[in-house]
Ligand code: FAD
Ligand code: SF4
Ligand code: SF4
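Residue numbers (our numbering): 76 to 536.
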């Protein structure tokens, strides 16, 4: 390791905003091997490395970063995979600045190590150079596990169980596997080929994925229970919240969930080649300012609309990652902050025509610790918008738990589990991810999947 420390990060090449705002291709290009090694060289290799504790799955960051610095990308991948089944995904979408990078010692004297981009580099390099190895599975597959949902929590749980010799089958409601990674997060942040590659790994491990199967609707939990020794439920939080305002049912007002699913899964932007369109919209208001809102606003922009984030607080209180806000601004998304919709107004055919809004001001903090936005009296105004996307949060999907007797949920729909065993109130049925926590993050859902796999193995011993 070099003695003098470089305080500045090696910059990550990105596509220019004027180019990328016209397509759905990925925005950051990722490090070259030389750049990755140079960035890894900056790591101080701290004795008690705080970055490890900053990662929800406690990846041995100094170890994989040192392996990159030495050019040993294959070993770096092995280190990552000991903790994290899908580093190509987390390297791209983890809120690193709030986790591992937030506590990185280098952050005290300069820029923290770019841990996320290094993680992405290793996984991408390994994929492109066929460095991955499927582990030998020695145990005979006698015990059978059924998994409901195919998002990151299920993928992690399934991989660990399969690696330990269990026979695993996943039931997925949609016609494609991957959960939010596939239907929610747009390809300009997370290309589908990355997820498909991770799903191929599950296939190599012998995990079967049955798509178009809604547990609780066309197959029951009782039926699964007859077939499997244990069940893991990770059905996510894909049910949208609405504002409850007049006119919210007008045409061209979408939940973020439907809007993004139409684009990511149904390829609306390739209409008529694909047959689920999104009607042309000139000016779109995205209500909300979290990651989901940024993804929606940047997608609307790419469909050719004048795209606005309408947010009742200021951007500093936005729950979205800074990187997403910066990317949205660079691409031309407009931020109408301190502003809230009051009602949606339609034309004679029921299409959205304009939105009645008001100005807001920030007052005392609410339960989230952020200042409460209050309506400024007499500030109402009306603005033309022919499209709107409601992105104010999601809650757990109901179809599963409403048809699963013995599985109890909290009043907001989160499945109740025993924190130690990860088991629900029904024997042999375990749960995790957003279905338990409410909308959270990929890495937390993965952490739950890992813990559940271990609990299931203990339960079946
Ligand atoms: P999900 O990924 O939601 O997967 C659940 C799966 O279960 C789905 O495929 C669903 O179809 C299936 N399912 C549901 N009910 C049934 C049923 N009854 N039968 C069969 N299958 C069923 N997190 C980050 O860390 N970084 C980000 O940048 C980020 N961006 C996001 C952007 C968007 C647009 C959204 C919506 C979320 C984002 N998140 C992000 C949050 C993150 O994606 C979730 O926390 C994570 O995907 C939860 O994983 P999960 O496995 O619990 O559930
Ligand atoms: Fe950081 Fe996320 Fe990787 Fe953990 S998984 S080291 S939090 S980027
Ligand atoms: Fe390297 Fe930062 Fe971790 Fe220290 S805290 S070992 S500098 S990544």
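Where a beta carbon is used, it is the ideal one built from N, C-alpha and C, also for glycine.
Asked                                                                                                               : Found
Residue 515 versus residue 121: straight-line alpha-carbon distance, rounded                                        : 30 Å
Candidates 218, 217, 248: closest to residue 226 by CA position                                                     : 248
Assigned secondary structure, residue 498 (DSSP; H/G/I helix, E/B strand, else coil)                                : strand
Status (buried if at least 16 other CB within 10 Å, exposed otherwise) for residue 523                              : buried
Residue 126 CB to nearest heavy atom of ligand 3 below 6 Å                                                          : yes
Proximity test, residue 132 beta-carbon vs ligand 1 heavy atom, cut-off 6 Å                                         : no
In DSSP terms, what residue 416 is bridged to                                                                       : 432
Check: residue 194 C-beta below 6 Å from any heavy atom of ligand 2                                                 : yes
For residue 480 and residue 258, the rounded distance between their alpha carbons                                   : 29 Å
Touch test, the stretch 501-510 against the stretch 303-317, Cβ-Cβ under 8 Å, three pairs minimum                   : yes
Contact test: residue 171 Cβ vs ligand 2 heavy atom, cutoff 6 Å                                                     : yes
Residue 367 and residue 527 closer than 7 Å at C-beta                                                               : no
Enclosing alpha helix (DSSP H) for residue 229 [first to last residue]                                              : 227-238
Cβ-Cβ separation, residue 351 to residue 327 (assumed contact under 8 Å), whole Å                                   : About 15 Å; that fails the 8 Å criterion.
Proximity below 7 Å, CB of residue 90 to CB of residue 102                                                          : yes
Sequence-distant residues of the same chain with beta carbon closer than 6 Å to residue 426, five excluded per side : 326, 327
Under 7 Å between C-beta atoms of residue 517 and residue 489                                                       : no
Buried versus exposed, by CB contacts within 10 Å (16 or more), residue 441                                         : exposed
Proximity of residue 418 and residue 318 at Cβ, strictly below 7 Å                                                  : no
Buried versus exposed call for residue 154 [16 or more other C-beta atoms within 10 Å across all chains shown]      : buried
Alpha helix (DSSP H) segment containing residue 447, residue limits                                                 : Here residue 447 belongs to no alpha helix (DSSP H); instead the beta strand (DSSP E) covers 446-450.
Segment limits, beta strand (DSSP E) that includes residue 457                                                      : 456-459
Segments of 3+ residues assigned as beta strand (DSSP E) that fall wholly inside the stretch 311-370                : 328-330, 358-362
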